[in-house]
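J.: Residues 356 to 473, numbered by our numbering, are exactly what the sequence shown covers, in order.
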Amino acid sequence: DPIVTNPAKSATEIWEFWNWSVDSHPIHVHLVKFRVLQRFWFSVDQGTVMRGDIVPEDPTEAGWKDTAVAYPNQVLRIAATFDIKGLYVWHCHILEHEDNEMMNPFCVGDKEKAPGCD
């Protein structure tokens, strides 16, 4: 797969995982620890995406994570700091999903110079 996500080294980014499916997906991001910032509901009404209510915080999601579940019809927002240059992936931890377009590479740092990214 082509690399379309390219955080700068030492950058802190907020990523959103939109779950349009009926399945829950345990999303694992290689390389980084991250914090769950927020979850909110969404729906689609006549082709328009409607943002819903914020999901109350779950105490089990406090602190650093390397995996968080993206629930159906919710957006999972995380904050991660990318401190090591190189080629990594984020993916769903359900094996069948990893093999079905749910494993995506990302390169931390300059794509021309970071290890494995060229």
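All C-beta atoms, glycine included, are put in the ideal place defined by N, C-alpha and C.
1) In the DSSP assignment, what are the bridge partners of Ala-366?
2) Between Lys-364 and Pro-411, what straight-line distance do the alpha-carbon atoms span, to the nearest angstrom?
3) Can you check whether the CB of Gln-429 is closer than 8 Å to the CB of Asn-361?
4) Taking contact to mean 3 or more Cβ pairs, one atom from each stretch, closer than 8 Å, check whether the segment 416-430 and the segment 371-385 are in contact.
5) Can you find the residues in the same chain that come closer than 7 Å, C-beta to C-beta, to Val-387, ignoring five residues on each side of it along the sequence?
6) If you run the structure through DSSP and keep just helix, strand and coil, what is Glu-416?
T.: Per the coordinate set shown:
1) Phe-437
2) 32 Å
3) no
4) yes
5) Ala-435, Thr-436 and Phe-437
6) helix
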